[in-house]
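Participant:
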Amino acid sequence: MARIVGGAAGPHSPVVYKLPWEESGDYVAEMEKVRGALKEIGRRIGESNVDTILVFGADHVQSFWFGCFPQMMLFTGEEADYSIGGNKIMRLKNNRELAEELLFGLIEEEFDVGFSQEIDFFDHPFTVPLYWILQGADNRDIKVIPFQLNTNVHPRVKLQRCYKLGQSVRRIIENSRRNDKVFIIGTGGLSHYPGTPYYGNVDEEADMFIVEKLREGRVRELTDLGYDWLDATGNHELGSWIAAAGAVDVKSTEVMTYWKAWNNGYCVVWFNV
């Protein structure tokens, strides 16, 4: 049967891919730690012979617009372009058969998930972490299932729902007759305030609150957090992490790196299962 072999979470800021401005040597060194942690995830994935990565990420009104903005969307096409700021970085194959199995299974579990067989591109919430993770995995022929979760545009998916979604994903995969070895990734965060007057602030205290709950495997306690708190602390993208944690049934978390930069709390974690 198919099985989930592990999970992780990390940032997806475009500057993790490439700095668009000059920064101090200390800044560059810290950013390299973030990239290094993502590549280490890839190395571990390679050692586990993972053939499929499922990525939970939140669109930033780039792949979708207000003509149709899904709360949850599962990609069921053959392959897709992955871009940053509209610039194509790579094209990756999807595990279409497993994606379709997840789609039908989630409908049965009362998650009314949208789907897309064709999409112009997936942007930085998916591209940035995958760019470094796949490098760490020596660019093995790993298929990617993108799963869009709306945590950016009102009304948004609640954290409790994200966690239950992850649990359902796990059940469906474990009940599959396929032989896939699946790795789960949640992307985004931590504290940052893009597109607001507060950009440049980072709530490190809130980040540490989240990190410690994850470290101790107390994920369910985070699901009671509402968007008033998440928005106030810049942690509106936590839903993708919670969905990933629910999917792997995390017991504890290894914090691979945390860095309070001037614009973002950059954190990479490995979920122990």
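Yeah, the sequence shown ends on 307 if you go by our numbering, and it's all consecutive. Think of the CB as a built atom: it goes at the ideal place given N, C-alpha and C, for glycine as much as any other residue.
So what does Ile-179 bridge to, in DSSP terms?
Facilitator: The partner list for Ile-179 (beta bridge, DSSP) reads Leu-88.
Participant: Taking the alpha carbon of Ser-150 as the reference point, which residue from Gln-182, Ala-71, Gly-223, Met-124 has its own alpha carbon closest?
Facilitator: The residue with the shortest Cα to Cα distance from Ser-150 is Gln-182.
Participant: Closest to Ser-225 by C-alpha separation, out of Trp-263, Val-162, Glu-57, would be which residue?
Facilitator: Among Trp-263, Val-162, Glu-57, the Cα nearest to that of Ser-225 is on Trp-263.
Participant: Considering Cα atoms alone, identify which of Gly-280, Ala-295, Ala-92 is closest to Glu-185.
Facilitator: The sequence shown places Thr at residue 185, not Glu. The shortest C-alpha separation from Thr-185 is found at Ala-92.
Participant: With a threshold of 8 angstroms on Cβ separation, who are the neighbours of Gly-119 within its own chain once the five nearest residues in sequence on each side are excluded?
Facilitator: Within the same chain, Gly-119 has close Cβ partners Pro-48, Asp-157, His-158.
Participant: According to DSSP, is Phe-138 helix, strand or coil?
Facilitator: Helix at Phe-138.
Participant: Check this for me: beta carbons of Asn-306 and Ser-286, under 8 angstroms apart or not?
Facilitator: Yes.
Participant: Could you tell me the alpha carbon to alpha carbon distance between Ala-36 and Ser-210, rounded to whole angstroms?
Facilitator: The alpha-carbon atoms of Ala-36 and Ser-210 are separated by roughly 6 angstroms.
Participant: Within 10 angstroms of its Cβ, does Glu-250 collect 16 or more other Cβ (buried), or is it exposed?
Facilitator: Result: exposed.
Participant: In this structure, how does DSSP classify Thr-110 when only helix, strand and coil are distinguished?
Facilitator: It is coil, neither helix nor strand.
Participant: Using CA coordinates, which residue listed in Lys-198, Ile-75, Arg-69, Tyr-227 is at the minimum distance from Trp-296?
Facilitator: Of the listed residues, the one whose Cα sits closest to Trp-296 is Tyr-227.
Participant: May I ask which residues mark the beginning and end of the alpha helix (DSSP H) holding Tyr-32?
Facilitator: No information on residue 32 is available, as it lies outside the stretch 35 to 307 that the chain covers here.
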